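S.K.: Here our numbering is used: the first residue of the sequence shown is 48, the next is one more, and so on.
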Amino acid sequence: MVYILLGTGFEETEAIAPIDLLRRANIPTLTVGVDGKTITGGHGIPVEADITIGEMDLTDLDMIVLPGGLGGVATARKSKAALEALRFAWENGKYVAAICAGPTVLADLGITDGKSATCYPGCESGMGSANMVPNAPAVTDGKLITGTSAGCAIPFGLALIAALKGSDEAERVKNQIVIR
């Protein structure tokens, strides 16, 4: 199961594009409302989450994803349950992914220490001792996957698929959506 954490103020493109791609690859994916069932993104788009954070079953977890958006990232930082879920995933060898400002939350938890990563330009100072990879839309280092920005949501989503189902499936979905 892939859980996508949605906190008030999340970046809509960084959440919805990967959700769509994961579901095209038939990967079980649920949206998780960090602070309720209806979560409003940073650009005023309300999204009805599949479940609330208290309904997550971490024993069924394959990957957890944190979209960016300054509001969404702030919401995740304030949520003990969100931070515990991210830490649990990492400590139990599951995939942990974040995009835009989201990787800074992972850095707060020590997840990015010594790992290759990317983030939104200007957020690098919040990345702790990560080995920053500039100008990369998405970076995978073992079980850590990071993405740069809303404009990189498609490559980030494809990296999530590649991690869970292999590069052939990521390529199939890429061809299905006709990236030029």
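Every residue, glycine too, gets a C-beta built ideally from N, C-alpha and C.
Keep in mind the model is a prediction, meaning the values are calculated, not measured.
If you follow the beta strand (DSSP E) that Val94 is part of, which residue opens it and which one closes it?
M.R.: Where Val94 is concerned, the enclosing beta strand (DSSP E) stretches over 93-95.
S.K.: Could you tell me how far apart the beta carbons of Gly161 and Asn178 are, in whole angstroms, since I believe they sit closer than 8 Å?
M.R.: That belief holds up - the Cβ atoms of Gly161 and Asn178 are roughly 7 Å apart, short of 8 Å.
S.K.: Which residue comes first and which comes last in the beta strand (DSSP E) that contains Gly116?
M.R.: Where Gly116 is concerned, there is no enclosing beta strand (DSSP E), given that its DSSP letter is neither H nor E.
S.K.: Taking all protein chains shown into account, decide if Pro150 is buried (16 or more other Cβ within 10 angstroms of its Cβ) or exposed.
M.R.: Buried is the call here.
S.K.: Closer than 8 Å is the cut-off here; do at least three beta carbon pairs connect the stretch 123-132 with the stretch 48-57?
M.R.: The answer is yes - the stretch 48-57 touches the stretch 123-132, with three or more Cβ pairs under 8 Å.
S.K.: Arg75 and Val112 look like a contact to me (Cβ under 8 Å); what is the Cβ gap, rounded to whole Å?
M.R.: Sequence check: residue 75 is Pro here, not Arg. That pair is no contact at about 13 Å.
S.K.: Does the Cβ-Cβ distance between Gly115 and Ala148 come in under 9 Å?
M.R.: Yes, the Cβ-Cβ distance between Gly115 and Ala148 is below 9 Å.
S.K.: Quick check on DSSP: helix, strand or coil for Ile208?
M.R.: Residue state, collapsed to three classes: helix.
S.K.: Alpha carbon to alpha carbon, what distance is there between Ser172 and Asn182?
M.R.: Their backbone Cα atoms lie some 16 Å apart in a straight line.
S.K.: For Lys212, which residues in the same chain have their Cβ closer than 8 Å to its Cβ, ignoring the five residues on either side in sequence?
M.R.: Closer than 8 Å at Cβ, skipping near neighbours: Ala72, Ile74.
S.K.: Note down the Cα distance separating Gly169 from Asp188, rounded to an integer number of angstroms.
M.R.: The alpha-carbon atoms of Gly169 and Asp188 are separated by roughly 21 Å.
S.K.: Comparing alpha-carbon positions, which option in Leu205, Ala210, Cys166 lies nearest Arg219?
M.R.: Checking every option, the nearest Cα to that of Arg219 belongs to Leu205.
S.K.: Which same chain residues end up closer than 8 Å to Leu156 when comparing Cβ atoms and leaving out the 5 residues on each side of it in sequence?
M.R.: Counting only Cβ-Cβ distances below 8 Å, and skipping sequence neighbours, we find Leu130, Leu133, Arg134, Trp137.
S.K.: Report yes if the C-beta distance between Ile208 and Ala217 is below 9 Å; otherwise report no.
M.R.: Yes; because the gap between Cβ atoms is below 9 Å, this pair is in contact.
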